[in-house]
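Q: Provided herewith is a single structure, encoded as structure tokens, for subsequent inquiry.
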Amino acid sequence: MGRFKNQILTYLKGIAMGGADVVPGVSGGTVAFITGIYTELLDSIKSCDLEALKLLSKFQFKALWEKVNGAFLLPLFLGILTSLLTLSKVIKHLLEAEPISLWSFFFGLIIISSILVLREIKQWKVTTLLPMLIGIGIAYFITITTPAQTTEALWFVFLSGCIAICAMILPGISGAFILLILGKYEFILHAVTERDFLVIGVFALGCIVGLLSFARGVSWLLKNYHDIAVALLSGFMIGSLNKVWPWKIALGFRINSEGKQVPTITDNVLPGEYLRQTGEYPLLLQAILFMALGVFIVVLIEKIAHYRSKPHK
6 MGRFKNQILT YLKGIAMGGA DVVPGVSGGT VAFITGIYTE LLDSIKSCDL EALKLLSKFQ
66 FKALWEKVNG AFLLPLFLGI LTSLLTLSKV IKHLLEAEPI SLWSFFFGLI IISSILVLRE
126 IKQWKVTTLL PMLIGIGIAY FITITTPAQT TEALWFVFLS GCIAICAMIL PGISGAFILL
186 ILGKYEFILH AVTERDFLVI GVFALGCIVG LLSFARGVSW LLKNYHDIAV ALLSGFMIGS
246 LNKVWPWKIA LGFRINSEGK QVPTITDNVL PGEYLRQTGE YPLLLQAILF MALGVFIVVL
306 IEKIAHYRSK PHK
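First residue of the sequence shown: 6, per the numbering used here; consecutive thereafter.
In structure tokens form, the structure reads like this:
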């Protein structure tokens with residue numbers, strides 16, 4: 006019963022990761038980090054190697070299941086898939102109907118997450134401060150990069166999957182936003198909602214290739230240079246706050262795949278300036294409440310994870 010309970014919990018964490026990955030600006034890696042499964046996720050992905058392929062070719066499914074930590078990976082990826090197939094329309098609607106509330110929630114979630122991640126650093130020195138600053142700079146630069154118009158050829162869909170999945174497992178760097186920069190966010194989202202299995206399959210293949218190669222590097226860095234890796238990852242999270250700032254003024258537009266005009270370039274402004282330029286209420290109290298909700302949920306998850314990790318008599 007305890008094992009089944011853990012698998013249900015892992016499935017729910019997968020749903021949370023998938024929901025985050027749909028949003029341009031929020032990383033599924035952040036959710037994995039704050040729910041305490043990040044290291045296990047990397048180790049499990051890393052175990053999908055040539056030896057695992059040999060076990061598969063010999064139909065040794067039990068040994069393969071144990072090697073790749075199937076009891077963890079299967080419910081997690083089922084949760085991510087469930088979220089991508091069911092929440093994509095919901096998230097898309099909220100981005101259009103309640104952008105301030107949604108971005109405020111993620112702003113609160115990421116800012117408290119970065120603080121909790123920084124607590125994992127055992128010893129502060131120049132060699133840990135510098136990677137954090139580098140992480141902030143890289144993530145900030147990515148958030149201000151203008152989305153591009155690119156080909157819809159399958160080879161580029163595959164390449165987009167390789168690149169985006171690397172970002173998806175990094176806390177702070179959003180795979181969805183990388184897709185936006187590559188000009189493939191709405192194209193992939195449309196393929197998911199319309200069940201275009203050819204595009205989904207090619208994109209998924211790219212994700213698998215990128216995931217298997219990239220996870221090894223991050224896992225090695227965490228095990229051999231823990232404080233440097235954590236500082237870098239927390240820097241990514243802090244730098245990404247620029248993207249999830251709730252009050253934005255559109256500076257440039259484009260026509261999406263549905264024929265609607267959507268902003269491509271935005272400028273972050275204070276609530277008062279938002280009211281002055283748009284004539285719309287900045288919903289400051291509502292934004293603060295949703296930020297607080299994001300903080301509360303992360304703290305609650307952290308407390309539950311801490312409680313579960315303690316031995317009980």
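Just so it is clear, CB atoms sit at the ideal spot from N, CA and C, and this is done for glycine as well.
Just so you know, these numbers come straight off a predicted model, no measurement behind them.
Could you check the C-alpha separation between Lys318 and Gly23 for me, to the nearest Å?
A: With a pLDDT of 49 at Lys318, under the threshold of 50, the modelled position of this residue cannot be trusted; read the value that follows with caution. Computed Cα separation, rounded: 35 Å.
Q: So, at 7 Å on beta carbons, what are the nonlocal neighbours of Asp48 in its own chain, with the 5 sequence-adjacent residues on each side left out?
A: Ser224
Q: When DSSP labels each residue in this structure, what does Leu107 get in the three-state scheme?
A: Three-state DSSP puts Leu107 in a helix.
Q: Within this structure, are the beta carbons of Met296 and Ser109 separated by less than 8 Å?
A: yes
Q: Which value, in whole angstroms, describes the spacing of the CA atoms of Val95 and Val131?
A: Linking Val95 to Val131 through their CA atoms gives a straight-line distance of about 43 Å.
Q: Using CA atoms only, rank isn't needed, just tell me which of Leu210, Phe64, Ile174 and Lys127 is closest to Thr44.
A: Ile174
Q: Identify the continuous alpha helix (DSSP H) that holds Val235 and give its terminal residues.
A: Counted as a single uninterrupted DSSP element, the alpha helix (DSSP H) harbouring Val235 occupies residues His231 to Gly244.
Q: Once DSSP output is grouped into helix, strand and coil, what is the label at Asp272?
A: strand
Q: How would you write the range of the alpha helix (DSSP H) that Gly2 sits in, first residue to last?
A: Nothing can be reported for residue 2: it is not among the residues displayed for the chain, which extend from 6 to 318.
Q: Does Lys318 come out as helix, strand or coil in the three-state DSSP assignment?
A: At Lys318, the pLDDT of 49 sits below 50, so the modelled position is not reliable; the number obtained from the coordinates is stated separately. Of the three classes helix, strand and coil, the one that applies to Lys318 here is coil, per DSSP.
Q: If contacts are defined as beta-carbon pairs under 8 Å, then Lys97 and Leu194 qualify, I think. What distance do you get, rounded to the angstrom?
A: 7 Å
Q: Is Phe163 closer than 8 Å to Val207 when the C-beta atoms are compared?
A: Cβ atoms of Val207 and Phe163: closer than 8 Å.
Q: So what's Lys18 in DSSP terms, helix, strand or just coil?
A: helix
Q: Have a look at the DSSP bridge pairing and note the partners of Ala255.
A: Thr271
Q: Do you know offhand how far Met137's Cα is from Asp232's?
A: 10 Å
Q: Can you tell me the Cα-Cα spacing of Gly84 and Lys127, whole angstroms?
A: 33 Å
Q: Say whether the stretch 100 to 115 touches the stretch 207 to 217, bearing in mind that this needs 3 or more beta-carbon pairs closer than 8 Å, one atom from each stretch.
A: Touching, no, given that fewer than three Cβ pairs across the two stretches are closer than 8 Å.
Q: Would DSSP call Ile302 helix, strand or coil?
A: Helix.
Q: Within the same chain, show all residues whose beta-carbon is closer than 6 Å to that of Gly240, passing over the 5 residues directly before and after it, in chain order.
A: Met137, Gly140 and Ile141
Q: Report back the beta-carbon spacing between Ile149 and Ser245 to the nearest angstrom; my notes put them in contact at under 8 Å.
A: With a Cβ gap of about 11 Å, Ile149 and Ser245 do not count as contacting.
Q: So, with DSSP's three-state summary, where would you put Asn74?
A: coil
Q: How many angstroms separate the CA atom of Ala21 from the CA atom of Leu60?
A: Answer to the nearest angstrom: the Cα atoms are 31 Å apart.
Q: Throw me the rounded Cβ distance for the Val303 and Ile39 pair, which I believe falls under 8 Å.
A: Under the criterion of beta carbons closer than 8 Å, Val303 and Ile39 qualify as touching, at roughly 5 Å.
Q: Determine the DSSP secondary structure at Thr148, reduced to helix, strand or coil.
A: helix
Q: For Val249, name the three-state secondary structure that DSSP assigns.
A: coil
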